[in-house]
Every structure is written in C-alpha cells, then in structure tokens.
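One structure is given here, and the rest of the page talks about it.
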Amino acid sequence: MGDSVGIVVAFGLIGLALATALGFAIAAALRDAMVRRTGNVPLTSMLGARWHRFARDHRRGSGADDEEADDLDDDTAALLSMLPICPVVVDVHDEVVRCGPEAYRFGVVRDDAIVEPRVLEEVRRIRKAGGKATFDLTTTTAGPAQEGAADERRASRPNWLKVTVGRVGDSFVVVLLDDVSDMVRFSRTRDSFIVNVSEQMLRPTLALDRVARDLKDHGDDADRVAADADEVRSIGRRMNRMVSDLMLLIRAQEPVVASSANRLSLLGQARDVVTAMAPSAKARGVRLDVSGQGDLTVNGDGDQIRAAIGKLVENAVAYSPDKGTVSVVVGPTKDGGHAVVRVVDQGCGIPKDEQERVFERFYRGRRQNERTRDGIGLGLAVVKHVALTHHGSASVWSMPGAGSTFSLTLPLAQ
C-alpha cells in the first residue's frame, strides 16, 4: 500500500513539473507573439494597461452609467478614429482611456499612463487652464531585448513628434501625436548630403586640376604622364564608388512595407553576396565562409539587404590579414522575433572611442591600411540606413587585436 502511494505521488510530482514547464513555454511563446503583433509593445505593458483599466472601473463602481459617463461620446470617438495621427485620451485621473499602439511604440504611454514628463505636464496644465499647446518632442523606441556584449555599439533611430494637447469637455484631455520622423530625417540627410558631398568632390577636383597642369607642362615626360594617368584612374574609381554609395544611401531612406511579395531568405541573400565576392577576397588571400539557419525569412528589398551585407563583407576582407578568414553567420536572436547576420573578421579591431562613430557618413577611422586608404567612409552608413529602413538595427563589437563582429539585425517576416 505504501509503495503504491509513493508511486502515485511520484507520478503526480512529475506531471506537475511537466505542466509547469509547458506553462512557461506557452507563456514565452505568447509573449513573443504579442510583442510582434503589437509593434514591439511588451505583453506585460499590454496586460498592465488592462489591469489598470479594470482597477479604475472597479474603483469607480463599474456600473453601466458610470462607464458611459467615463467614456467619450460617440461623435468625438468617431472623429478621433478618423484622424491620420495617433490620439491619446487622458481622463481626470491622468489615466489613459484610449490610445493606439503607436503611443506605446513612441515611448509616450506605458501601463495605461503618460510617461513622457513634458506631455504629462502639458496635459495637467491644459486640464486646468484650457486652450491648446503644441510642441516638438523627440523620443526613442525601445527595441526588443537582444543578446550581445554589454559594450556593443548599436545604431538606433529616434522618433520626432509634433505634439498637440487640448481639452475635450470637462473630463478629458486629448494628446495628438504626429510622427514627422521621415520629414526630419530626409531634411537632415539632404543637408548632410550637400555638405559632405561638396567636401568630397573638392578633393578629386583639385587632384584632376593638378594632373591637367602636369600634362600641359610635362607632356613629354612619359613616366610622369603614366603616373598622372594612374592617379586619374584612381580618382575615377573613388568617385564612382562615392556616387554608387550615395545612391544606395538615398534609396535606403525609403521605408519598406512588409508584404508577401518581398519575403526573402536571409541566408540566401548572404550566400549570394559571398558567392559574388569570393573571387576578389581570394585574390587578396582571404577566405570567406557562410553558414546559418536557412528557414529565417525577412521582409525587405533584396538589393538593399545584399548591398548592406556586401559592405560588411567588403570591410571585413579589407581589414583582414593575409590568409585570414571572414565568417558570415545567419541565425535567430534570443527573443525569436529577429534574424541577424554576423560578419566576423580577424583584423586589427576598432578602438572603443571610434566605435560610436563608425556608422556615421564619411567617417574614417585612424587605423587604415593599403587596402582601405582609398575608402570614403560611406559603407557602414549604408548598412545602418538599410537596417533602420527595414525596422532593424546595425551594431558592432570590436577589440583592438581581436578583430570585429558587425551585426545586421532584421525583424522576421510577418
């Protein structure tokens, strides 16, 4: 009898353990699914918002009449639903009673409450004084948790918002969030483009002028003419690369909309790049390896993604020692919502004080070699903008003497 009871208890404990493990697995899967469906709004935030709503209704009686008095009238609600911008409705207790998922993504709302101090300050002021307030606000979207070293440098994209705050009746204040990030980004890119390209064009123009003078004054010196011809060819190649990279940079400003027509195998894109670049890498004494998980698909522009991976591989080859190896590895992130391409080299590495700037346009680090001295500093800027256009990120880990690992992270296809 005692043995039978012991067996029953043992099986019961095993069943409980299995049920608990299954529960954790289901919870994790639901969390990741909800994060993907709500624009990277964590499940805990969404559940927290529902709990606050329930607690508020319970505190105020939860009666049908109270609920109607505590909500917007139908005409106002219908009008807000038609607005092309994101509305946030706040009640007299500073609690958010209505908002879209964009408000969470912009970092303005969390757990049913306004968390941006400037917005909350204006909400309270307008509630008391009436009128309207309009101001600019810059926020940063919190990305999903991703594995990586603590000192990994990651390129991020801010949100530029036009915020309007106004009172609706005696009970509510409405916050309108107009995302003008694309316009601001385009304007900044245009201004930077004009300044940087003007500076870059000045150098080859001066060099060509010097070559022309030499040809005129020393045209009978065959060696000098040959040297000048080589310089002209070098300048031509540099300008060709610059124009090509600038065109890629301009294309990478256009947002990518996910659809069934632009689903791509990330490993397939990486293999295409490695196949195309293997001969030139071999000529420089560098071997290319590609590996990874083949079922990871992303939504995107294939030309842009291949160009970004190509820039990472090109950089890795340029900084690798003779007989070195560049590894291209494709895999999922720990959160299960993203795929990442890692390009690993065995080069000289990047000092920590330069790592924060490597993704800037036209930035050139101090450690240049014979292969890289003619570069113009646009390759990693292309990578960053392709990543951001595809709602992903670009990052670097590096240590002097230990090589570098550049990562291109993209959300999995919807």
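Take 2 as the starting number for the sequence shown in my numbering and just add one per residue.
All residues carry an ideal CB built from backbone N, CA and C; glycine is no exception.
Just so we're clear, the structure is a prediction, and the values are computed from it rather than from any experiment.
### Task
May I ask you to list the residues that DSSP assigns as paired with R111?
For the purposes of this step, residue 111 is taken as the residue at position 110 of the sequence shown. Paired residues: A114.
### Query
Quick one, which of A114, R204, A388 and G332 has its alpha-carbon nearest G303's?
Counting from 1 along the sequence shown, the entry for residue 303 is found at position 302. Selected option, being the one with the closest Cα: A388.
### Query
Cβ of V329 within 8 Å of Cβ of V341?
The residue given as residue 329 occupies position 328 in the sequence shown. The residue given as residue 341 occupies position 340 in the sequence shown. Not closer than 8 Å, so no.
### Message
Given a cut-off of 8 Å on the beta-carbon distance, is the pair D95 and L121 in contact?
### Response
Numbered from 1 along the sequence shown, position 94 holds the residue referred to as residue 95. Numbered from 1 along the sequence shown, position 120 holds the residue referred to as residue 121. Closer than 8 Å, so yes.
### Task
Identify which residue in V164, R186 and R242 has its Cα closest to the Cα of M202.
Counted from its first residue, the sequence shown places residue 202 at position 201. Ranking V164, R186 and R242 by CA distance to the CA of M202 puts R242 first.
### Query
Taking the runs of the alpha helix (DSSP H) that are 4 residues or longer, which of them lie wholly in the segment 234–300?
Counting only runs of 4 or more, we get 267–284.
### Query
Leaving out the 5 sequence neighbours to the left and right, which residues in its chain are closer than 8 Å to R125 when beta-carbon positions are compared?
On the sequence shown, position 124 is the one that residue 125 refers to. Within the same chain, R125 has close Cβ partners D95.
### Task
Take V181 as the anchor and find which of L162, R307 and D171 has the nearest alpha-carbon.
Here residue 181 refers to the residue found at position 180 when the sequence shown is read from its first residue. Among L162, R307 and D171, the Cα nearest to that of V181 is on L162.
### Query
Looking at C-alpha atoms only, which residue of V89, G380 and T406 is the closest neighbour of D246?
As a working mapping, residue 246 is identified with position 245 in the sequence shown. Selection V89, G380 and T406 evaluated against D246 yields G380 as nearest (Cα-Cα).
### Buried versus exposed, by CB contacts within 10 Å (16 or more), K217
As a working mapping, residue 217 is identified with position 216 in the sequence shown. With fewer than 16 Cβ atoms within 10 Å of its Cβ, K217 is classed as exposed.
### Query
Can you tell which of I351, R288 and K312 has the C-alpha that lies nearest to the C-alpha of V327?
Locating residue 327 in the sequence shown gives position 326, where the first residue counts as 1. Out of I351, R288 and K312, R288 has the C-alpha closest to the C-alpha of V327.
### Close Cβ partners of K312 (< 6 Å) along its chain, the five nearest in sequence each way excluded
Taking the first residue of the sequence shown as 1, we reach residue 312 at position 311. Correct list, in chain order: G380, V383 and V384.
### Task
Would you mind stating whether V318 and A282 have Cβ atoms separated by less than 8 Å?
If you number the sequence shown from 1, residue 318 lands on position 317. If you number the sequence shown from 1, residue 282 lands on position 281. Contact flag set, yes.
### Query
Given T410, which residues of its chain have a CB within under 6 Å of its CB, disregarding the five upstream and five downstream residues?
Here residue 410 refers to the residue found at position 409 when the sequence shown is read from its first residue. So the list reads H339, V341, G393 and S394, once near-sequence residues are dropped.
### Query
Which parts of the segment 155–213 are runs of the beta strand (DSSP E), unbroken and 3 residues or longer, counting only runs that do not cross its ends?
Within the segment 155–213, the complete beta strand (DSSP E) runs of at least 3 residues are 159–169 and 173–180.
#### Entry: A70 to I86 span [Cα, whole Å]
Here residue 70 refers to the residue found at position 69 when the sequence shown is read from its first residue. Here residue 86 refers to the residue found at position 85 when the sequence shown is read from its first residue. Caution is warranted here: a pLDDT of 44 is assigned to A70, below 50, making its placement in the model unreliable, and the coordinate value is therefore given only provisionally. About 25 Å.
### Query
Rounded to a whole number of angstroms, what is the C-alpha to C-alpha distance between E68 and V169?
For the purposes of this step, residue 68 is identified with residue 67 of the sequence shown, where counting begins at 1. For the purposes of this step, residue 169 is identified with residue 168 of the sequence shown, where counting begins at 1. Note that E68 has pLDDT 44, beneath the 50 cutoff, so the model's placement of it is unreliable and no number is given.
### Query
Looking at the unbroken beta strand (DSSP E) that takes in K335, where does it start and where does it end?
Taking the sequence shown and counting its residues from 1, one reaches residue 335 at position 334. From DSSP, K335 is part of no beta strand (DSSP E); its letter is neither H nor E.
### Rounded distance between the beta-carbons of N263 and G301, thought under 8 Å
Locating residue 301 in the sequence shown gives position 300, counting from the first residue. Locating residue 263 in the sequence shown gives position 262, counting from the first residue. About 6 Å separates the two Cβ atoms, so the contact holds.
### Task
Could you name the residues of the same chain whose beta carbon sits closer than 7 Å to that of G295, not counting the 5 residues immediately before and after it, in chain order?
Within the sequence shown, residue 295 is the residue found at index 294, counting from 1. Excluding sequence neighbours, G295 sits near S266 and L268.
### Query
Where P412 and N160 are concerned, what is the direct C-alpha to C-alpha distance, given to the nearest angstrom?
Taking the first residue of the sequence shown as position 1, residue 412 is located at position 411. Taking the first residue of the sequence shown as position 1, residue 160 is located at position 159. Rounded to the nearest whole angstrom, the C-alpha separation of P412 and N160 is 19 Å.
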